[in-house]
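**Q** Just passing along the structure, written as structure tokens.
Protein chains in written order, with this note's numbering: chain V, 2 to 353; chain F, 46 to 471.
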């Protein structure tokens, strides 16, 4: 499947290929692959060890690497050993050999002191239902503005006998764990489009396949799997499968492929459709020629990083000539410089 | 039922409310017992059966009346009761005895089985130390409370010894040993050692064939490996029945069968092992692959059950066997529609789903292939025997029952020769 533009001229996804959708229950994931990838970025370290343990210690993230830049993904947890872990309210870039104070970029603290089973080395992502409120509250209010959505989520979890967030993600609930088993991460996959009940709910793109593999399970299970599971619990059982309208076994194959083709066309249309509403884009932090952008729309919000790439295209004045003659007669090559923005990271989610 | 016996490890629990024991799938057990008591009781000898399922069979053998049963069947029940009492862990046997007490099962054969177990058990002293209350309850249930207590009070007194009750005489054993047991129970004897007799759960291993195939996938082939593998296949398929008829085997070699971490290549290795065993035992087998090709097939590509199922059905087989981990993440729902269509077309070829489960913690919300299909769980190589017996039953239901019963009888006889019975069935 091809997708030219998702959000007009700003978010160009023409470099990316969209694969065949994978489905489990109401959750559908369209894998995204790319021929180009950058290894300049690496995800969050597994855990940060706090030197001291005051109640409101600053959240400092150091990047000891000399080559790669740490890219802390949007709404991911920053696990802190011997201290309070935090969910981040925005994408953060920590350039090589530098450190950054992320205290102002935290949205929701979570402690591991009372629950012994929580894995400090694990990374979590905010569930979809909390990402919208967290996005709105990122610059003002923080945790207090997140409280109603958090309470609502806890009520829904409690109603189905599940533990509170984020401990529910570590409880090895078989239904929740099954998402990780059923949707496969493909070789070379650098992103995914998520749908719940046929409605687009998220777009995640990572700079490289290795980066995406590191954030895949928190995204699939915590961010999109948990809401999908709650949706499944609340919705009635799916209808029994409808038989194909055939009278002989030999017609069955043709009919099945026809139905598949129809479904494929529907998906292609759904993936290529531009989301409704307007978008407001704000430029943020910059490192080299990479810049973080915050996108706020009526239905979607999130952040993405694009790379401003300069493409030099030589004017082809000797077309049709043999190569040797072309080199002899061409005095000075005329080059045309065009700039192009290539998205290297994106985390966009449905607001409602 | 056979699949259930080998997979369900749920213990038999006696609740504190004193009510008769209730367990999940009791109706399934009772229906199987009522429909074919001979096959049901012999299923206690199936390879790979869970101990708690054997305990359930023992419970039914003890609690069901044998008044109207055939003599040969009663003799078989007694042999099987003896076999189960000998092989099961003491904790499980005591639980079954206490469950029989709560069910107020006071048949003669029940009482005699309990008494003979307690009298002839070589570990009875350790058991009395560990669970005196439970053993006292079992004895009083078997012998009658008044009689047991009277005998218990007078058992050790020299000169005025009470005579042995008739039931105890019938149960056999030395009189001094019986009196010592009652003394220990009612006056408290010295315990030599504390022996709890807790049943240790069996460690699940993949046997021989699956690790060899895993090695095949990880490091490649070598002549020694191939030789060992052929020997392992011959060993594994030695006791299995030959499946007549045309069988279509659909092997899922998609990417999901690769497994991960410690279990890498375990699902595909188990599936390929089963395919090799089937090839050895089915003269007319046609294999289809989903995903990877070659031998052994590399686990790669998407899972397209529906297309391969149509391919298999077009060859008009008598039985279709899926060996898969159950994922259908691409073109989800197509197989269910195909199965629904087959019902409308009147095609009644039995389709069996052998589900590979190498990661016991992982379950699925929806099982794409279990829409009205017979399902067999394959966790280790030991499950191949049960799977083959179920397939045998499905493909030739008329003659397979006799073959299965003959096989189980032979197994019981082998066990009886190997394990020296220390209980005496009356």
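C-beta atoms are modelled at their ideal positions from N, C-alpha and C, and glycine is treated no differently. In this text, all values refer to a predicted model and were calculated from it rather than measured experimentally.
Strictly under 8 Å for the Cβ-Cβ distance: is residue 263 of chain V near chain F by that measure?
**A** Residue 263 of chain V does not count as touching chain F.
**Q** Give the list of continuous alpha helix (DSSP H) stretches no shorter than 4 residues that lie fully inside the stretch 346-426 of chain F.
**A** List check, alpha helix (DSSP H) in window: 350-359 and 379-390.
**Q** Which residues in chain V sit within 8 Å of residue 337 of chain F, going by Cβ to Cβ distance?
**A** Ordered by position in chain V, no residue passes the 8 Å Cβ test against residue 337 of chain F, which lies about 14 Å from the chain.
**Q** Quick one: list the residues of chain V neighbouring residue 390 of chain F, beta-carbon separation under 9 Å, in chain order.
**A** In chain order: 244, 247, 248, 249, 250 and 253.
**Q** Using a Cβ-Cβ cutoff of 8 Å, what residues of the stretch 337-354 of chain F are near chain V? List them in chain order.
**A** Hits within the stretch, in order: 347, 351 and 352.
**Q** Quick check on residue 95 of chain F: buried or exposed, where buried means 16 or more other Cβ atoms within 10 Å of its Cβ?
**A** Buried.
**Q** Just the chain F side, please: which residues come within less than 9 Å of residue 191 of chain V by C-beta, in chain order?
**A** Chain F residues near residue 191 of chain V: none, gap ~17 Å exceeds 9 Å.
**Q** Pairing CB atoms from the stretch 297-316 of chain F with CB atoms from the stretch 200-207 of chain V, are three or more of them under 8 Å?
**A** Taking 8 Å as the limit for Cβ pairs, the verdict is that the stretch 200-207 of chain V does not touch the stretch 297-316 of chain F.
**Q** With a CB to CB cut of under 6 Å and the five nearest residues on each side skipped, what residues in its chain are close to residue 281 of chain V?
**A** The residues are 297.
**Q** I need the DSSP call for residue 298 of chain V, collapsed to helix, strand or coil.
**A** Of the three classes helix, strand and coil, the one that applies to residue 298 of chain V here is strand, per DSSP.
**Q** Is it right to say residue 22 of chain V is buried, meaning 16 or more other beta carbons lie within 10 angstroms of its own, or is it exposed?
**A** Burial call: buried.
**Q** Within the same chain, show all residues whose beta-carbon is closer than 6 Å to that of residue 185 of chain F, passing over the 5 residues directly before and after it, in chain order.
**A** Only 193 meet the Cβ criterion.
**Q** Can you list, in chain order, the stretches of the beta strand (DSSP E) that have 3 or more residues and sit fully within the stretch 221-300 of chain V?
**A** Counting whole runs of 3 or more residues, the stretch 221-300 of chain V contains the beta strand (DSSP E) stretches 280-288 and 291-298.
**Q** Kindly indicate which three-state DSSP category residue 126 of chain F falls into: helix, strand or coil?
**A** Helix at residue 126 of chain F.
**Q** Closest Cβ-Cβ distance between residue 235 of chain F and chain V: below 8 Å?
**A** For residue 235 of chain F, the predicted model reports a pLDDT of 47, less than 50, meaning its position is unreliable and no value from the coordinates is stated.
**Q** Taking DSSP as the reference, what is the three-state secondary structure of residue 152 of chain V?
**A** In this structure, residue 152 of chain V counts as helix in the three-state DSSP scheme.
**Q** Using the beta-carbon of each residue, which ones in chain F are nearer than 7 Å to residue 184 of chain V?
**A** Ordered by position in chain F, the residues that pass the 7 Å Cβ test against residue 184 of chain V are 374.
**Q** Mind checking if residue 369 of chain F is an interface residue toward chain V, Cβ cutoff 8 Å exclusive?
**A** Not one chain V Cβ lies under 8 Å of residue 369 of chain F.
**Q** Using a C-beta to C-beta distance shorter than 8 Å, which residues of chain V count as neighbours of residue 359 of chain F?
**A** Simply 250 and 251.
**Q** Among the residues of its own chain, which have a CB less than 6 Å from the CB of residue 18 of chain V, if the five just before and after it don't count?
**A** Answer for residue 18 of chain V: 34, listed in chain order.
**Q** Could you tell me which residues DSSP puts in a beta bridge with residue 308 of chain V?
**A** Per DSSP, V:291 and V:343.
**Q** With three or more C-beta pairs closer than 8 Å as the rule, is the stretch 76-87 of chain F touching the stretch 163-183 of chain F?
**A** Counting Cβ pairs under 8 Å, fewer than three are found: no touch.
**Q** Answer yes or no: do residue 205 of chain V and residue 347 of chain V have a C-beta to C-beta separation smaller than 8 Å?
**A** The answer is yes: Cβ separation under 8 Å.
**Q** Would you kindly check if the distance between the Cβ of residue 128 of chain V and the Cβ of residue 223 of chain V is under 8 Å?
**A** For residue 223 of chain V and residue 128 of chain V, yes; Cβs fall inside 8 Å.
**Q** Looking only at C-alpha atoms, which of F:292, F:390 and F:166 sits nearest to residue 138 of chain F?
**A** The candidate whose alpha carbon is nearest that of residue 138 of chain F is F:166.
**Q** Is it the case that the Cβ atoms of residue 125 of chain V and residue 170 of chain V are separated by a distance below 8 Å?
**A** Going by C-beta atoms, residue 125 of chain V is nearer than 8 Å to residue 170 of chain V.
**Q** Determine the direct distance from the alpha carbon of residue 383 of chain F to that of residue 247 of chain V, and round the result to whole angstroms.
**A** Rounded to whole angstroms, residue 247 of chain V to residue 383 of chain F spans 11 Å at the Cα level.
**Q** Could you tell me which whole beta strand (DSSP E) segments of length 3 or greater appear in the stretch 21-103 of chain V?
**A** With a minimum length of 3 residues, the continuous beta strand (DSSP E) runs that stay inside the stretch 21-103 of chain V are 23-25, 28-35, 61-63, 70-73, 86-89, 93-95 and 100-102.
**Q** In whole angstroms, give me the CA-to-CA distance for residue 231 of chain V and residue 150 of chain V.
**A** Going from the Cα of residue 231 of chain V to the Cα of residue 150 of chain V covers about 15 Å.
**Q** With DSSP collapsed to three states, give me the class of residue 134 of chain V.
**A** In this structure, residue 134 of chain V counts as helix in the three-state DSSP scheme.
**Q** Under 9 Å Cβ-Cβ, which residues of chain F neighbour residue 24 of chain V?
**A** Per Cβ cutoff of 9 Å: 373, 374, 375, 376, 377 and 378.
**Q** At a Cβ threshold of 8 Å, is residue 300 of chain F touching chain V?
**A** Chain V contact via Cβ: present.
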